[in-house]
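One structure is given here, and the rest of the page talks about it.
Numbering (the working numbering), first residue to last: 80 to 213.
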């Protein structure tokens, strides 16, 4: 008796859709953490230096003792975001791009230079799509 068995090997291909650089900035000067105009200028220039296409910028300044600023730059390739906490002298930075010619590392480093933290962390993730084929 002959028994034939068939083995199918499923192949998974991974495609990098986007590049995500993000981190935390510690010990930034209070005057920079609260300066909405300065932070807007920072994300606009970061987008330019990183070869990203700026679509729009929105910001909001939180008042009070725990104030801070959120700035979001919508770029054709995705976004750049800075969120500050004045009382902690702290900021989070998020740079995400799906553009082949844009460089999120350059944008992140420029933001670090402008915000002058005493210390910072930097993280990176490839944003991938898995495509299965037989």
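Glycine included, C-beta positions come from ideal geometry on N, C-alpha and C.
Next item on the list: Taking residue 191 as the reference, give the member of 145, 109 and 125 with the closest Cα.
Entry: 125
Next item on the list: Output the boundary residues of the alpha helix (DSSP H) element that contains residue 125.
Entry: 115-128
Item checked: Buried or exposed by the 16-neighbour rule on C-beta atoms within 10 Å, applied to residue 173 -> buried
Item checked: Residues near residue 182 by beta carbon distance below 7 Å, same chain, minus five either side -> 129 and 130
Margin query: Please classify residue 107 as buried or exposed, where buried requires at least 16 other C-beta atoms within 10 Å of its C-beta.
Written below: Label assigned to residue 107: buried.
Item checked: Unbroken stretches of the beta strand (DSSP E), 3 residues or longer, contained in the segment 162-190 -> 169-176
Item checked: Identity of the residues DSSP links to residue 147 by a beta bridge -> 141
Checklist line | C-alpha gap between residue 136 and residue 118, whole angstroms | finding: 11 Å
Checklist line | Neighbourhood of residue 184 by C-beta, 7 Å cutoff - its chain only, sequence neighbours within 5 removed | finding: The residues are 100.
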